[in-house]
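Number of protein chains: 4
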Amino acid sequence: MPKVGMEPIRRKALIDATIAEIGEAGSLDVTVTQIAKRAGMSSGLAHHYFGSKEQIFLAAMRHILRSYGDHVRGELAKVSQPKDRLETIIAASFHPLNFTDEAISAWLNFYVYARTTPDAKRLLEVYGRRLHSNLMSNLIQLLSRRRAEHVAQGLAAMIDGFYIRHALQENAPIRSEVIAITQEYLRQNLAHPKQ
Amino acid sequence: MPKVGMEPIRRKALIDATIAEIGEAGSLDVTVTQIAKRAGMSSGLAHHYFGSKEQIFLAAMRHILRSYGDHVRGELAKVSQPKDRLETIIAASFHPLNFTDEAISAWLNFYVYARTTPDAKRLLEVYGRRLHSNLMSNLIQLLSRRRAEHVAQGLAAMIDGFYIRHALQENAPIRSEVIAITQEYLRQNLAHPKQ
Amino acid sequence: MPKVGMEPIRRKALIDATIAEIGEAGSLDVTVTQIAKRAGMSSGLAHHYFGSKEQIFLAAMRHILRSYGDHVRGELAKVSQPKDRLETIIAASFHPLNFTDEAISAWLNFYVYARTTPDAKRLLEVYGRRLHSNLMSNLIQLLSRRRAEHVAQGLAAMIDGFYIRHALQENAPIRSEVIAITQEYLRQNLAHPKQ
Amino acid sequence: MPKVGMEPIRRKALIDATIAEIGEAGSLDVTVTQIAKRAGMSSGLAHHYFGSKEQIFLAAMRHILRSYGDHVRGELAKVSQPKDRLETIIAASFHPLNFTDEAISAWLNFYVYARTTPDAKRLLEVYGRRLHSNLMSNLIQLLSRRRAEHVAQGLAAMIDGFYIRHALQENAPIRSEVIAITQEYLRQNLAHPKQ
DNA sequence: AATGAATGAGCCTTCATTCAT
DNA sequence: AATGAATGAAGGCTCATTCAT
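Keeping their order, the protein sequence lines are chains P, E, A and Z.
Per my numbering, numbering of the first sequence is gapless, rising by one per residue and ending at 303.
Per my numbering, numbering of the second sequence is gapless, rising by one per residue and ending at 303.
Per my numbering, numbering of the third sequence is gapless, rising by one per residue and ending at 303.
Per my numbering, numbering of the fourth sequence is gapless, rising by one per residue and ending at 303.
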């Protein structure tokens with residue numbers, strides 16, 4: 109039952125299925141056949157579109173990162189004050205859109221996947237650098253370079269830390285608490301810039 | 109030529125080899141044969157001692173957690189003031205003993221492994237609870253319950269966050285910076301308990 | 109935009125592409141998609157014209173055999189003496205037109221292909237019989253039947269032998285040597301018919 | 109049902125099965141599973157011993173070449189006159205031991221296999237060089253260098269030619285004829301060295 | 001105690017072929 | 001006439017696990 113112009117639809121379906129399947133399994137040990145079946149097609153077609161399992165994973169990872177990036181960018185467009193922008197980044201990072209169990213689980217696995225796969229590592233680095241520069245460009249207006257650097261690193265660690273804990277620690281705080289704790293960390297630093 | 113009393117030696121060798129293999133590979137995709145070879149024995153013997161690959165992994169995970177736990181406990185025995193004890197926990201978490209590339213890599217993989225494997229999840233929860241109670245029992249003496257809870261969660265997230273970033277982010281801060289940032293976070297909260 | 113009267117052009121393109129692909133790959137392990145792409149069309153169209161991969165191969169094989177046969181026939185039309193005709197057959201067999209690396213490589217693979225595929229076997233037998241009868245009809249005029257038979261077999265073996273060696277042995281003699289050696293074999297037999 | 113010291117037995121069984129399977133199929137399109145089954149073991153074990161299908165093929169090719177080489181060497185040890193030695197080489201090449209349908213078929217396929225596989229090409233070149241030097245070292249004592257070279261090439265081509273024809277041409281001469289024709293070619297050249 | 005022989009299930013990937021458009 | 005979407009079977013290879021020795 110071949111149809112024309114199916115490529116983007118198929119690719120999208122495969123990416124969604126990949127994230128769902130990984131999220132559900134809790135690991136990258138999902139088969140192409142599983143993914144393809146969930147996406148409503150044969151494994152052969154999945155390979156036809158992506159070439160290999162690795163490419164499917166990378167596309168899914170790219171999708172998650174792009175979604176997150178788009179969301180942050182969209183939110184940042186609404187505010188201009190450095191402090192507001194920093195709070196926006198934090199809020200966006202934990203926004204329900206990016207903070208679904210499924211996405212976090214897949215995300216975490218891709219995060220670790222980067223240890224093995226150079227292309228995944230590259231994607232992760234882009235994400236890391238972008239978050240860092242987003243934080244720094246605002247912090248630098250409020251703090252000394254050294255303090256800004258520290259707070260940027262601290263915030264990034266806290267964000268990643270809450271992600272991993274949310275996915276894996278039973279007693280991790282809920283989303284609202286997570287946001288509160290992270291925002292507090294930020295405000296404290298802005299309130300006492302000399303400390 | 110089989111020898112008697114080899115069991116503990118063999119088990120230790122296998123655990124060390126497992127951590128080393130996982131650390132090197134950057135993932136759990138290591139074969140029992142690889143592990144056994146590195147430990148200087150046949151794969152059959154590895155199964156003889158542990159029963160299954162999963163048990164080998166769990167033993168290695170337990171080993172890492174116990175090492176960390178023992179180290180923290182040892183350090184805590186030397187100090188009694190809540191503030192000192194909190195700083196000790198942070199310092200121990202990033203102590204070179206626990207912060208080797210290899211151990212971090214293996215640790216991270218076990219962390220994710222817990223999503224799939226109930227026994228691993230249980231081990232991780234023990235670690236989580238112990239860290240939390242260690243932090244709380246000291247924080248509660250210095251802060252309100254609610255603030256203590258927040259700071260405990262924030263510290264735990266930061267610790268885990270720095271671990272994962274250290275393993276995976278090219279531009280993660282070095283150990284000394286990591287400690288400085290985390291200790292700052294703690295001190296700030298202790299200095300302004302009402303905030 | 110489909111065009112009319114394309115069939116012969118498409119078929120020719122596919123046959124040429126098949127020979128080129130096989131020659132390049134050095135084996136029959138070429139995909140229909142590769143062949144079709146080289147011929148400037150989709151794999152679907154290749155099937156449309158030939159029905160199956162086997163038919164494509166057979167058509168290519170037929171093409172090589174027909175080219176060779178046409179060439180020999182054309183050259184034979186120019187000479188009438190048995191000895192000249194025999195030399196003509198040898199010369200034609202190693203003529204640059206039939207002795208390109210690509211054609212030899214494809215030819216060899218088809219030769220072996222005949223072991224598996226009845227239709228290919230039939231084609232090969234036609235070639236074999238034709239070469240044999242071409243040689244015999246001339247040799248019989250110069251030698252006894254038994255000797256003629258021997259020389260015909262010897263020449264055929266030498267021709268095939270040089271083909272396969274040319275394709276596969278690094279130190280095989282060059283074309284001019286090949287011709288010289290084969291012609292020598294012929295002349296020796298004609299010079300000493302009783303031997 | 110594992111037993112000790114099985115390796116050489118298994119390897120031998122696999123090599124024999126490979127030659128038989130290829131001979132029967134008439135092509136290299138045989139599966140590892142087929143080969144393993146014929147050799148009385150699982151496909152996994154075949155991989156355990158050889159690592160890959162390619163290695164299995166190469167081992168089988170090596171086996172055929174070594175058998176042939178050993179046989180020739182054994183026969184050559186019995187005669188010392190150049191002419192006798194040359195006739196011995198021819199006779200050995202067509203000896204029933206090396207001239208079974210099965211071995212010829214496998215041999216031919218490996219011959220073509222060499223176009224694709226560098227290691228197979230190397231093996232083939234060794235065979236080619238050895239045959240050439242065997243022929244040359246004797247011919248050079250009876251003929252001029254140039255003539256010796258020609259006859260060596262002619263003989264090699266005829267031998268290969270008869271092999272391929274025997275495998276693939278219905279009307280190829282029988283073994284005794286093949287030997288007669290090749291020996292005649294040799295004697296003719298030795299009888300009229302100036303020609 | 002220790003080995004490594006042996007199995008078999010499972011996965012990724014390829015590809016000829018079909019078919020809606 | 002032409003495309004390329006789609007399938008599904010098949011194959012090479014890996015690996016945890018078992019077991020005879």
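Glycine residues also receive a C-beta, built at the ideal position from the N, C-alpha and C atoms.
These figures come from a predicted structure and were not determined experimentally.
Three-way DSSP call (helix, strand, coil) for residue i in this model
i	result
GLY134(Z)	coil
THR224(A)	coil
GLN142(A)	helix
LEU294(A)	helix
LYS229(P)	helix
GLY152(P)	helix
GLN189(P)	coil
ASN206(Z)	coil
ALA299(A)	helix
VAL112(P)	coil
GLY147(P)	Going by the sequence as given, residue 147(P) is Ala instead of Gly. Looking at ALA147(P) - three-state DSSP - the assignment turns out to be coil, as it is neither helix nor strand.
SER160(A)	coil
THR126(E)	helix
C-beta atoms of residue i and residue j nearer than 8 Å
i	j	result
LEU153(Z)	ARG118(Z)	yes
ILE198(Z)	VAL180(Z)	no
GLN261(E)	HIS300(P)	no
ILE267(Z)	SER175(Z)	no
SER213(P)	GLY269(P)	no
HIS171(P)	ILE123(P)	yes
LEU298(Z)	ASN246(Z)	no
GLY113(P)	ASN279(E)	no
ARG223(E)	ALA125(P)	no
THR225(A)	GLU162(A)	yes
PHE207(E)	ARG283(E)	yes
LEU216(A)	TYR271(A)	yes
HIS240(P)	ILE289(E)	no
VAL74(P)	SER151(P)	As displayed, chain P neither begins before 109 nor continues past 303, which places residue 74(P) out of reach and without an answer.
Integer-rounded CB distance, given that residue j should sit under 8 Å from residue i
i	j	result
LEU251(A)	TYR293(A)	Not quite, the Cβ-Cβ distance comes to about 13 Å (not below 8 Å), so this is no contact.
TYR221(Z)	LEU136(Z)	6 Å
ALA306(P)	GLU210(P)	Nothing about residue 306(P) can be reported from this structure: the residues present for chain P run from 109 to 303 only.
MET169(Z)	LEU231(Z)	6 Å
GLN249(E)	PRO190(E)	5 Å
PHE158(E)	ALA167(E)	6 Å
ARG238(P)	GLY177(P)	7 Å
Report the start-end ranges of each alpha helix (DSSP H) in the region 232-285 of chain A that is 4 residues or longer and not cut off at the edges. 253-276
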